[in-house]
Every structure is written in structure tokens, then in C-alpha cells.
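**Student:**
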Amino acid sequence: MQNLRIVPEGDSSLLIQFEQVISPSVNQRIAAAAKLIKAQQISGITDMIPTYCSLLINYNPLVISYDALYKRVESIVRMESHQEAGQKKIWEIPVLYGGAYGPDLSTIAEHAGLSEEEVIKIHSGTDYLIYMLGFLPGFTYLGGLDEKIHTPRLASPRVRIPAGSVGIGGSQTGIYPMDSPGGWQLMGMTPVKTYDPARETPILVEAGDYIRFVPVSEAEYLDIKAAVDAGTYQVRVRKGED
Amino acid sequence: MGFRVIKGGLLTTVQDLGRSGYQSQGFNVGGVMDQRSFRIANLLLDNPENEAVLECTLIGPTLEFTSSQIIAITGGDFRPELNDDPVPMYTAIYVNKGDVLKVGSARTGRTCYIAFSNYLQVPVVMGSRSTNLKCGIGGFKGRKLQDGDYISTRIKRRKYLPYFLSRTLSLHEFDSNSATIRVVMGPQEEAFSSKGIDAFLNSEFTISSNFDRMGVRLDGPFVESKTGSDIISDGIALGAIQVPAHGKPIILLADHQTAGGYAKIGTVVSVDLPKVAQRRIDDKIRFTRITVEEAQHLLKVQEHEYQEFRNRIHKPCKEVLEVRLTAQRLEKLFV
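Quick look at the structure:
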């Protein structure tokens, strides 16, 4: 394996550093490695944190030593390079763009010199790779936002952005999983709960998956919202080729 | 069955070892700041290792019990009183219906832990009873305790604890206002200049007032990085020491974010994390490096120590022994 380094981070975590660049191929290798390690069910591993270009593994050193875990993990990561890339998993997230649901859509359009419809078309026309989750539970760091609609953050952040808001902050786009202060330009709202502590899987998506935003009308938005509140809504997942 | 919160204290929350398994989704583990004191509190009552407790910060709560049970208080010395009489720390204490426990302000340390023989009745959320303040979940209504709250406790089948009188440990773990903290260097040690690493390992740092459940910032000499200390965000371990561009180390504690973009010069070893969590503002600390193998050995030694504590509190105390001796002597008279 080239460009790979395994180092301790304290006595209860092990860090696998891949090539230190932000790229879909490196990130996909990490997602694949995390899946393989998970599948091995190595006793002692308590948690894994895949990020842009590294994978942190937390473990209980009373169950497995650093040395033993290093050996297990190294052989798995080596094996991973021979694996075929799998199908990509695309979460279709319905979004009601503009109006009261996306108060900054006009700002984004103005900044880009485009119409609001063109901004929506661009924003909903790409599968975004989830590089990692962090900052807030379920907050996705997405890659692939078209440069044409990059928009600087608000000069003064909002005190409270409601959960489900979809926005753009500089070169990033994403969904606020919970009410939070924030400085992103808000372009729309999804009725889907990307984070719900009462749900069996509190957070829907995983690093390595993709998100596709699907524009919906206000009527559709309200229907979906009612279904979400009733607990009957299933987010559509599409399989795609890498 | 339970207790009324007469005064909530500064920051009193329900905690256990936290919510692991969700960090890949941005969900921090949280849990108690000082795992050692937590473990010993439950140990004194023969509770399960991960039973939820109250974590008190700097100024403790005042509780009125509505049923009798057994409690134990560990950690920093918060000068607890039961019905206005001082009660010892690190000791199992009987409380009766109507008793008022006043946990004072910290004379030493920063947090103390109250464990209960009748377990705290709060829901398990994502595998834990810990309070996650940022998300408002877990613990008691997802928040710190407030004046007037009522916490129910579950009745435990066992009505008494054996060896009750020997359930005490004379520990004064957080009396000193200086400490040497052992670290495993890395994972981004190479991001720092030799001057920066020298400053980190050979100087005294001061605990600043930037200290909360997320972490603590240290004042002291500038810890120099080679070319700025920004990295591509990666995962953060409990106890990791970030050094942002301002050159002041930040030790990340229970409520730290799961990932971050500052280089980490080293990570505090597990057995020394309680020492960090129990530091007070203006305390002094120094860092010294050890290997990961040494750190893991220390953790095993600590496990043996817990076992030794358990053996110690599971011995009949002298008085009981003497009664038995007396009985044996009496028996001989009649044989």
C-alpha cells in the first residue's frame, strides 16, 4: 500500500492515514476500509471515525493491544486495495426550494448571476459525495458543489437555523440536522429528518454514501412532512454505478 | 421513590460512560469527565460498572430524598453534608426518607460523582443515559438539573449491602495543584518544529479559564508548528491535544467534537485523563512522553487496582471480625 501510515492516537485509538488529499477516490478507499474492518467484527473496537483522508479506530486496550490491532488492521487495509469498487448508494432528499423555506435563494442567484430556477437546477443536478459527518450529529461534509453557485457565508450568522434547512456556505452545501446557529445561505428545506434520536437509526446516512437533492412542490413537501411525522415515510435510495 | 432537587448546583448532569458507536455520524461520546472517580463511586455500592451517576461541577446540588437508599460520593472534595452534618467522601452512606444531602463547592478538584444504590430512572437513548447538552438528549430531559426537579429511582431488589462498614476508601486524589500528565506523542507530531516539541515537553503550562466539558485550553509558552497547524480534518480521540495557530494547547475532553482540523501534538494517556479533568484554573501541569505500550500497561495496572479496591471493601471490618472472635471464644467455653 502506498501513502499509508498507521499511528497511535493515545492508548485507545489508532489512526490510519491515507494520502492526505481531499479526493473522492481516497475517500472511497476509506469508506471501503471502514466497511471491511466492521465486517471483521474485531473484538475491542468500539467506534470508527472515517474522515476525508483518514480513519480513526477507537478500541478498548484491555481487550486488544495496539500491536495486535495494528496487525489486524494493516492486513485488512492491504486486502482492501484488491476489492472492486461497489455500487454507490444515493439518498434522494426532497427539497422545497425558495420562498419562506429558502430565504437566501435570491441572494445565491444574484451572486451567481443566474435565475433562481437555474440555481435549483444546478443544485439538484448532482450526486454529492458524503466525505464525512461531524460538527453536529448527522451534519454531512459534501463534495461536488458546482463552482457557479458557490456563495460566501452570511456576514452575521443566524442565531437559530431550523433543522432540515438546506444551504450553501462558501464551496460547501448541506443540510442542518438539528436546530443550530449558523452562517450558511439558506436555499430550501427538506421535510426529511436526517437526524432523529428517537429513530432506531438516529442518523440516516453514512460517510461514502451520496446525496441527491430532489425539488418538490409545497403540496408534495407537506405530504411528505405529514408522512415523516407519522413515521411512515421512507427516504428513496437509488443505487448507481461509480 | 427518588429525590427532589432543592438546588441544582452549577452544572449537575446525569452521566455514564457515554454514547459510543455513533462517532462516525458526528455524535460525540460524552459521558463522565473523570472515569476513575465514576468507576470507584459505583464500585463502592457494588453497582454495575457503567451505572449512571450525577456529575457535579464546581458547586454541587442539594437533594432531598423521598425514599431510603445508599449513596457514595467520589472525585473532588465537595464537602458534602447530610442534614447539616459532614459526611465522608469515598464511603457508602445510608440516606433515609426526608434526609437532605448538600453537596458544597469544590475544595479540591472540579467534579464529583454521586452514585445511587437505587438506580436513576432516566431513559436510555442510543445506548446511554448520559446527558448530551448540545443535542438536548439523554439524562434528565436532556439538560442539567434545575431547582425543583424530581428524579425517580428504581427499587433495587437487594435491600442492604454486605460489609457495609468497610465500604470506604481513604483516597485524596486531587489535592495537589500541580500534575505531570503522560502523553503518547502524535499523530501529527511532525507538524511541529523541534522548538515547539521542546516547549511542549519541557515547560510548565497553566490551566486557563477556558475549561468546559469540551476541553481545556492551556496558557504557557508558544508551541510552534512548522507551517501553520491546520490539517485536513480528521478524527479526534478523547484526550487529544490540539494546537491551533495561537500556539496554546487544547486538551479535548468528554464532549469534544468528533473531528477537527488542528494538528494534534499528542494525546493524554487514559489513566491520566481524570487528573486533567480534575484540574482547577491556575493549576500547573507538565507533559511527559511515554510509549503506547507503557500507556496500555498503566491501564491494566489500574484495572488491578480497582480489583484491589473491591477486595478491600468486601472484607468484614474489624468490629465484625472482633465479634466473631468473641463468638469463637465463647464457643470454646462451652465445648
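Going line by line, the protein sequences match chains A and B. The first sequence maps to residues 12 to 253 in the numbering used here. The second sequence maps to residues -8 to 326 in the numbering used here. Cβ atoms here follow ideal geometry from the backbone N, Cα and C, with glycine treated the same way.
(1) When you compare the CB of A/Y63 with every CB in chain B, is at least one pair closer than 8 Å?
(2) Any idea what DSSP makes of A/V239, helix, strand or coil?
(3) With a floor of 3 residues, list each beta strand (DSSP E) that falls wholly inside the segment 109 to 166 of chain A, ordered by position along the chain.
(4) Of all Cβ atoms in chain B, is any one closer than 8 Å to the Cβ of A/Y77?
(5) Within the chosen definition, does the segment 264 to 280 of chain B reach the segment 98 to 106 of chain B through at least 3 CB pairs nearer than 8 Å?
(6) What are the complete alpha helix (DSSP H) segments, minimum 4 residues, inside the segment 24 to 64 of chain A?
(7) Name, in chain order, the residues that DSSP records as bridge partners for B/E72.
(8) Taking only beta-carbon atoms, is A/T184 less than 8 Å away from chain B?
(9) Does any residue of chain A bring its CB to less than 8 Å from the CB of B/P178?
(10) Counting C-beta neighbours from all protein chains within 10 Å, is the total for B/R315 16 or more, i.e. buried, or is it exposed?
(11) In three-state DSSP terms, what is B/R101?
(12) Starting from the C-beta of B/M117, find all residues in its chain whose C-beta is less than 7 Å away, skip the five residues before and the five after it, and write them out in chain order.
(13) Tell me the rounded alpha-carbon separation between B/N33 and B/N41.
(14) Ends of the beta strand (DSSP E) at B/E55?
(15) Around the Cβ of B/Y141, are there at least 16 other Cβ atoms within 10 angstroms (buried) or fewer (exposed)?
(16) At a CB distance below 9 Å, what residues from the segment 28 to 44 of chain A approach chain B? Give them in sequence order.
(17) Specify the secondary structure class of B/K88 as computed by DSSP and reduced to three states.
(18) Using 8 Å as the Cβ pair cut-off and three pairs as the minimum, do the segment 63 to 70 of chain A and the segment 40 to 50 of chain A touch?
(19) On a CA-only basis, which of A/G175, A/W102, A/P192, A/G194 is nearest A/K220? Give me that one, please.
(20) Can you name the residues of chain B whose CB is closer than 9 Å to the CB of A/L73?
(21) Inspect the beta-carbon positions of B/G257 and B/G177 and report whether they are closer than 8 Å.
(22) So the beta strand (DSSP E) B/S200 belongs to, where does it begin and stop?
(23) Alpha carbon to alpha carbon, how far is B/F107 from B/S121?
(24) Determine whether the Cβ of B/D327 lies closer than 8 Å to any Cβ atom of chain A.
(25) Report buried or exposed for A/T151, applying the criterion of at least 16 other Cβ atoms within 10 angstroms of its Cβ.
(26) Please specify which runs of the beta strand (DSSP E), each continuous and at least 3 residues long, are wholly inside the segment 163 to 190 of chain B, giving them in chain order.
(27) Decide if A/L80 is buried, meaning its Cβ has at least 16 other Cβ atoms within 10 Å, or exposed.
(28) My output table needs one value for A/E103: the three-state DSSP class, helix, strand or coil.
(29) Which one or two residues does DSSP pair with B/G226 in a beta bridge?
(30) For a cutoff of 8 Å on Cβ pairs, would you count B/T3 as touching chain A?
(31) If you measure between the beta carbons of B/G21 and B/K135, is that distance less than 8 Å?
(32) Check each residue of the segment 261 to 288 of chain B: if its Cβ is closer than 8 Å to any Cβ of chain A, include it; give the result in chain order.
(33) In its own chain, which residues sit with a C-beta less than 8 Å from the C-beta of A/S24, not counting the 5 before and 5 after it?
(34) Counting contacts by CB-CB distance shorter than 8 Å, is A/V18 in contact with chain B?
(35) Just checking my contact of B/P352 with B/V94 at CB under 8 Å: how many whole Å lie between their CB atoms?
(36) Could you tell me which whole alpha helix (DSSP H) segments of length 4 or greater appear in the segment 194 to 243 of chain A?
**Tutor:** Taking the definition as stated:
(1) yes
(2) helix
(3) 139 to 144, 151 to 154
(4) yes
(5) yes
(6) 35 to 51
(7) B/P77, B/K93
(8) no
(9) yes
(10) exposed
(11) coil
(12) R10, Y13
(13) 8 Å
(14) 53 to 56
(15) exposed
(16) Q28, Q31, V32, I33
(17) coil
(18) yes
(19) Just to set this straight, residue 220 of chain A is Asp in the shown sequence, not Lys. The candidate whose alpha carbon is nearest that of A/D220 is A/W102.
(20) Q287, L290, K291, E294
(21) yes
(22) 196 to 202
(23) 15 Å
(24) The structure shown has nothing for residue 327 of chain B, since chain B only spans -8 to 326.
(25) buried
(26) 169 to 176
(27) buried
(28) strand
(29) B/A250
(30) no
(31) no
(32) S261, V283, E284, A286, Q287
(33) L67, I68, N69, Y70
(34) yes
(35) In the structure as shown, chain B begins at -8 and stops at 326. Residue 352 of chain B is therefore absent and cannot be evaluated.
(36) 229 to 241
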